[in-house]
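Engineer: Numbering (UniProt numbering), first residue to last: 1 to 130.
My questions will all concern the structure given below.
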Amino acid sequence: MGLLISKLWSLFGNEEHKLVLVGLDNAGKTTILYQLLLGEAVHTRPTIGSNVEEVVWKNLRFVMWDLGGQQSLRSAWNTYYTNSEFVIMVIDSTDRQRLRISRDELHQMMRHEELKGSCLLVYANKQVGD
1 MGLLISKLWS
11 LFGNEEHKLV
21 LVGLDNAGKT
31 TILYQLLLGE
41 AVHTRPTIGS
51 NVEEVVWKNL
61 RFVMWDLGGQ
71 QSLRSAWNTY
81 YTNSEFVIMV
91 IDSTDRQRLR
101 ISRDELHQMM
111 RHEELKGSCL
121 LVYANKQVGD
C-alpha cells in the first residue's frame, strides 16, 4: 500500500482528494481509517452513518469518508459518491458466506455514474497466514 500512496503523492501534490471507504459491516473500514490517521490500531464500534477524517501523508491530503456497511445503510452509499476520486472497497476475506454479497455491492457501485473515472482499490482485509 505504501507504493500506491507514493505514486499518488507524485501525481497529485498538495491538493485535497475525496476518498470513500465502503464494504459490508465488520469488514474493517473504520480500523483502516484510523490506522491511516493515527498510525496505530484502535478499538472501534460499528459505524452508524459515516465517519469522516482528513488524512495527510507528505503533501497529500485525503478527506476520507468511512461509510457504515449494514444492509440498511448501503442504499445511502451513493449519496457520498459525488466528487470522489478514490474508492476503497474493503472485504472481510474470512467471511466467505458473504463474499457474494460483497461482489454484488461492488458491481452495483461500479455502475454508478458519479464514480466514472474514480480509482478503485479492492482491499481483502483480515488475511490469515498459513
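A virtual CB, placed ideally from N, CA and C, is assigned to each residue, including glycine.
Please read these numbers as outputs of a predicted model, since none were measured by experiment.
Provide the residue span of the beta strand (DSSP E) that contains S84, from first to last.
Structural biologist: Looking at the DSSP string, S84 is not in any beta strand (DSSP E), and its letter there is neither H nor E.
Engineer: Ends of the beta strand (DSSP E) at S118?
Structural biologist: Careful: S118 lies outside any beta strand (DSSP E) and carries neither H nor E.
Engineer: Around the C-beta of W57, are 16 or more other C-beta atoms found within 10 angstroms, so that it is buried, or is it exposed?
Structural biologist: The residue is exposed, with fewer than 16 neighbouring Cβ atoms inside 10 Å.
Engineer: At what residues does the alpha helix (DSSP H) containing H107 begin and finish?
Structural biologist: Its alpha helix (DSSP H) spans residues 99-110.
Engineer: Per DSSP, what kind of secondary structure is N59 in: helix, strand or coil?
Structural biologist: The answer is coil: DSSP assigns N59 none of H, G, I, E or B.
Engineer: Do M89 and Y123 have their C-beta atoms closer together than 8 angstroms?
Structural biologist: Yes, these two residues count as a Cβ contact at 8 angstroms.
Engineer: When you compare each of H112, A76, L36, W65 to N51 by their alpha carbons, which one comes out closest?
Structural biologist: The shortest Cα separation from N51 among H112, A76, L36, W65 belongs to W65.
Engineer: For my contact list, residue 131 and G23 are in at a C-beta cut-off of 8 angstroms; report their separation, rounded to the angstrom.
Structural biologist: There is simply no residue 131 to check, as the chain begins at 1 and stops at 130 in what is shown.
Engineer: Buried or exposed for D104, going by 16 or more other Cβ atoms inside 10 Å?
Structural biologist: Exposed, because fewer than 16 other Cβ atoms sit within 10 Å of the Cβ of D104.
Engineer: Under the rule that 16 or more other beta-carbon atoms within 10 Å means buried, what is M110, buried or exposed?
Structural biologist: So M110 counts as exposed.
Engineer: According to DSSP, is E53 helix, strand or coil?
Structural biologist: Residue state, collapsed to three classes: strand.
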